[in-house]
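Following my numbering, the numbering of the sequence shown begins with 949 at its first residue and continues without gaps.
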Amino acid sequence: MAALLVVTVLSLPALSLRLGTSDAGNDPKGTTTRAAYDLLAQGFGAGSNGPLVLVAQLGAPSDGPALNRLVSAVRSTPGVASATAGPPAAATGLSVIDVVPTGAPQDEATSALLTHLREDVVPAAERGSGLTVYVGGTTAASGDLAALLAGKLPLFLGVIVALGCLLLMVAFRSVLVPLTAAVMNLLASAASFGVVVAVFQWGWGSELLGLGKAGPVEAELPVIMLAILFGLSMDYQVFLVSRMHEEWEHTRDNHRAIRIGQAETGRLINAAALIMICVFTAFVFGGQRVIAEYGVGLAAAVAIDAFVLRTVLVPSLMHLLGRANWWLPAGLERILPRVSIEGAPSREPVPVVPVPVVPVPARAARADRTAGLHHTGVATTASRPAVVPPPARPEPRLRQDSTPRAAKSVAVAYLWWFFVGLFGMHHFYLGRTGRGLLHLCTLGICGLGWLADAFTLPHQVRSANARIAQQDVAPRADAPALNDPVH
């Protein structure tokens, strides 16, 4: 509960995340760029550092009154310090209106003014005329970039979570293990964004670290940081759970598997995390705000992920779930390709080593026969070496899934090809690991191999089914038969 409380508290500032673009106003005090920014704001207003630019296209000379009404409406809009319109160009019919807001380019009031101009003021001026107006400028471009990336962020997050869950499901043959990893990755992301918001957006310690005053978080930071964080978190999850899964396959004891997995991989995960924390922390001391945001966010994410989530929350949750950690529906078991991290167990029986015949020396044999004559009174002249009886032949040890495997389906293969074929998942499904890895590393050989598979996939499925039938039915030629006599 303490670990979950820590993650929750660190994640709370992320609820007020505001994306944007830093400028000279966020530079540290004492720099010439920060001094010029402050002087310009004192002399001409804070909005002079990022004015809005309205470009009006007149459809006809009669649209001049509509342009004048637009300028008057913009000047009377709350949050506008001044609006200056140039005369329309005779050749193109274009007019440029410079709008200076009362707030700084990074203020929330300036963003609200931009939205109000686009949605209310400009459409009202265009109505009933041939006037066409576009709102631009550096401030507007930064706001548009932030809105675009924020709108695509849920899709991006959903894709990387889905692909991560799919790969873990294939590797560990489980449903709950990938879902647990996805939840932990999201918690680490939320906590790291909370730290970034507290330091850079709220300004808690940013001036002390020499990173300038508070401001919005860089618009592209969530996308890049999520991609790096999910990659590192997936590494830690594979380190931890692969050892647990290996122990589970041997003992079928969930609690023992978790204890051994955590004990044997915990130090490795902590060491790797410490290395990455040192690397990311070095980004902070460069004095560049944008680079420092990545350093603080990634260092916090790795620390939370390794020392709180993978060390405490993941093992605790897996203990609570019990044997359900390794549950996989039969339908998914049939259609998922088999890619074993630890290496697939052998299908071949363990060869039985013949027991050698140990002859008894002749002198010892005569002594035994003489002793036998004294006790039984039976005379014998046979002289044969004593033979040590061979031990009982053990049954050949086959792999656990030695039952005949289900045949591969063309429809399922095409589904794998269509959705994740560029990553070679349809080849993993058909048991062709080498070709699957080739497609994974080369994006389907830059798409050409992926397109060719659309025509050859039925033949590949037939070949895969033939290999499965041969492996399930035909024994190896050099494997000893179960009824061979011992020589």
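Beta carbons: idealized from backbone N, C-alpha and C, even for Gly.
Cβ atoms of residue 1027 and residue 1061 come within 8 Å of each other, at about 4 Å. Per DSSP, reduced to three states, the secondary structure at residue 1044 is strand. Short of 8 Å from the beta carbon of residue 1056, and not among the five residues preceding or following it, lie these beta carbons of its own chain, in chain order: 966. Residue 1000 and residue 1090 have their C-alpha atoms spaced approximately 11 Å apart. DSSP places residue 1094 in the uninterrupted alpha helix (DSSP H) bounded by 1086-1120. Remark: fewer than three beta-carbon pairs, one from each stretch, lie closer than 8 Å, so the region 975-984 and the region 1069-1084 are not flagged as touching.
Secondary-structure assignment with DSSP links residue 1000 through a beta bridge to 1047.
Note: residue 1005 is bridge-paired with 1042 and 1080 in the DSSP secondary-structure output.
Secondary structure of residue 1057 (DSSP, three-state): helix.
Proximity of the region 1139-1154 to the region 1091-1104 falls short of the contact definition, fewer than three beta-carbon pairs being nearer than 8 Å. Between residue 1117 and residue 1206, the C-beta gap is not smaller than 7 Å, which leaves the two residues out of contact. Here residue 1247 has 1225, 1228 and 1229 as same chain residues with Cβ atoms under 7 Å from its own Cβ, once five neighbours each way along the sequence are excluded. DSSP places residue 1395 in the coil class of the three-state scheme, outside both helix and strand. The beta carbons of residue 1258 and residue 1217 sit closer together than 7 Å. Judged by pairs of C-beta atoms under 8 Å, the region 1271-1289 touches the region 1193-1202, as three or more such pairs exist. For residue 981, there is no enclosing beta strand (DSSP E); the enclosing alpha helix (DSSP H) has its first and last residue at 980-992. Residue 1281 sits in a helix when the DSSP states are folded into three classes. The beta carbons of residue 1359 and residue 1409 sit no closer together than 7 Å. Per the C-alpha coordinates, the member of 1268, 1235 and 1222 positioned closest to residue 974 is 1235. Under the Cβ criterion (8 Å, minimum of three pairs), the region 1168-1181 does not count as touching the region 1150-1159. Secondary structure of residue 967 (DSSP, three-state): strand.
Closest in alpha carbon position to residue 1211, among 1231, 1187, 1198 and 1222, is 1187.
Between the region 1231-1245 and the region 1085-1099 there are fewer than three C-beta pairs closer than 8 Å, too few to call the two in contact.
DSSP places residue 1165 in the strand class (E or B) of the three-state scheme. Taking C-beta separations shorter than 8 Å and ignoring five residues to either side along the sequence, the partners of residue 1012 in its chain run 1006 and 1036, following chain order. By the Cβ neighbour-count rule, residue 1279 is exposed, with fewer than 16 other Cβ atoms within 10 Å of its own. Judged by DSSP secondary structure, residue 1028 falls within the beta strand (DSSP E) whose first and last residues are 1028-1033.
Pairing residue 1130 with residue 959 gives a Cβ-Cβ distance that is not under 7 Å.
For residue 1365, the three-state secondary structure derived from DSSP is helix.
By alpha-carbon distance to residue 1263, the top candidate from 1223, 1203, 1233 and 1231 is 1203. Taking the Cα positions, residue 1022 is about 58 Å away from residue 1400. One Cα belongs to residue 1261, the other to residue 1389, and the distance between them is close to 33 Å. In chain order, 1356, 1361, 1408, 1409 and 1412 place their CB closer than 7 Å to the CB of residue 1378, counting only its own chain and leaving out the 5 sequence neighbours on each side.
The beta-carbon distance between residue 1178 and residue 1221, rounded to whole angstroms, is 15 Å. This is too long to meet the 8 Å contact definition. Contact annotation: residue 1383 and residue 1374 have beta-carbon atoms that are not nearer than 7 Å. Out of 964, 1048 and 971, the CA that lies nearest to the CA of residue 1002 is found in 1048.
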